[in-house]
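*Asks:* Got a structure for you, questions after.
Residue numbers (the numbering used here): 136 to 485.
Structure below.
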């Protein structure tokens, strides 16, 4: 299975083989020309198709061989919630979900695709079921499908980024998965930061903050009067932790990163007031390319003082030791590919 993660700044591609022992076969990362995608929406089908075609040629250590693809839908253009509905037939359930979603989504119902799956009986309410609902705007989905179809792929599914991220980071074992309580994943991307709450086998809530690593770079460039390239190099080198080498830059990055952490904190507070107390956040996992920023784990820990903050492990569900060595990939490298790995792992679950 091929996982394709298209974002505003880059294309990440992963191919995985095997169901019982999934193995990373090949991968690639390719920058994307600015404005070909805006907030995850394809702006020019022909140019994005060409960029994806060129990206496929960069995969190593071997070329992509398969044709089955799962691609991502950006979190900012989608909606995920667990809703409670009365126990009823599947047809009635579909109508009830449509009605319930209409009250929650921030876009018109006739402009979205909706998918849902039953989870379990609602706690303490035997006449109700919990339903995981996902919705994505047609303006996002349709041009993306056109891009993939133009390259001859067999599109197995389009998935919300949050689904792929959780599949990558959390254990495959169903029982173990259902025993997981209150895991908050913070996916630190270039242009956005996505927040996902997972509890007892299902995503319970997602939110997207339109601030990412690029904004930290821009803030550093502004504060230190640097070019974007200089700011990016310094950011990668000194991070947001104290350093004698460049304390002024580290302090500027620390301030910008703390602001982001507080935005996440506010999103989590808004999230948790809508959820039962037992679904509170108990652990935080950081992932995404900008989770590699030196000192970021400690800064988030200073904001979420009573919650352990850790790095997510993108290798959780891959049998990979020898292959990983041949690809020269560290966990830090792999965090750039968290979404793409999760997309390609869909074959394991279906």
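Built from N, CA and C at the ideal position, the CB exists for glycine as well.
State the DSSP-derived secondary structure class of residue 417, mapped to helix, strand or coil.
*Replies:* coil
*Asks:* Checking the sheet assignment: what are the DSSP bridge partners for residue 176?
*Replies:* DSSP output for residue 176 lists 173 as bridge partner(s).
*Asks:* Nearest-angstrom Cα distance between residue 138 and residue 353?
*Replies:* Residue 138 and residue 353 have their C-alpha atoms some 30 Å from each other.
*Asks:* Does the beta-carbon of residue 471 have 16 or more other beta-carbons within 10 angstroms, so that it is buried, or is it exposed?
*Replies:* With 16 or more other Cβ atoms within 10 Å, it is buried.
*Asks:* Looking at residue 157: is its Cβ nearer than 7 Å to the Cβ of residue 453?
*Replies:* yes
*Asks:* According to DSSP, residue 140 sits in a beta bridge with which residue or residues?
*Replies:* 147
*Asks:* Between the region 321-339 and the region 139-156, do at least 3 Cβ pairs fall closer than 8 Å?
*Replies:* Judged by pairs of C-beta atoms under 8 Å, the region 321-339 touches the region 139-156, as three or more such pairs exist.
*Asks:* Hey, residue 268 and residue 300 are a contact pair by Cβ (cut 8 Å); roughly how many whole angstroms apart?
*Replies:* Not quite, the Cβ-Cβ distance comes to about 18 Å (not below 8 Å), so this is no contact.
*Asks:* Buried or exposed, going by whether 16 or more other CB atoms sit within 10 Å of the CB of residue 161?
*Replies:* buried
*Asks:* Excluding the 5 residues preceding and the 5 following residue 191 in the sequence, name in chain order all residues of the same chain whose CB lies nearer than 6 Å to its CB.
*Replies:* 199
*Asks:* Ignoring anything shorter than 4 residues, give me the alpha helix (DSSP H) runs that lie fully in the region 347-417, in order along the chain.
*Replies:* 348-359, 363-373 and 382-407
*Asks:* Using the C-alpha atoms, what's the distance from residue 149 back to residue 283?
*Replies:* 15 Å
*Asks:* If you follow the beta strand (DSSP E) that residue 207 is in, where does it begin and where does it stop?
*Replies:* 203-208
*Asks:* Would you report the Cα separation of residue 164 and residue 243, rounded to the nearest angstrom?
*Replies:* 35 Å
*Asks:* For residue 348, which option in 319, 287, 422 and 341 has the closest C-alpha, if you only look at C-alpha atoms?
*Replies:* It is 422.
*Asks:* Relative to the C-alpha of residue 442, which candidate in 469, 317 and 451 has its C-alpha closest?
*Replies:* 317
*Asks:* Going by beta carbon distance, what residues of the same chain come within less than 6 Å of residue 482, once the five residues before and after it are set aside?
*Replies:* Here the set comprises 136.
*Asks:* In chain order, what residues of the same chain have a beta carbon less than 8 Å from the beta carbon of residue 197, not counting five sequence neighbours either side?
*Replies:* 160 and 161
*Asks:* Give the C-beta separation of residue 462 and residue 303 to the nearest angstrom, bearing in mind that I take them to be a contact with Cβ-Cβ under 8 Å.
*Replies:* About 16 Å separates the two Cβ atoms, so there is no contact after all.
*Asks:* If we count Cβ pairs, one from each stretch, closer than 8 Å, do we get three or more for the region 427-437 versus the region 371-388?
*Replies:* yes
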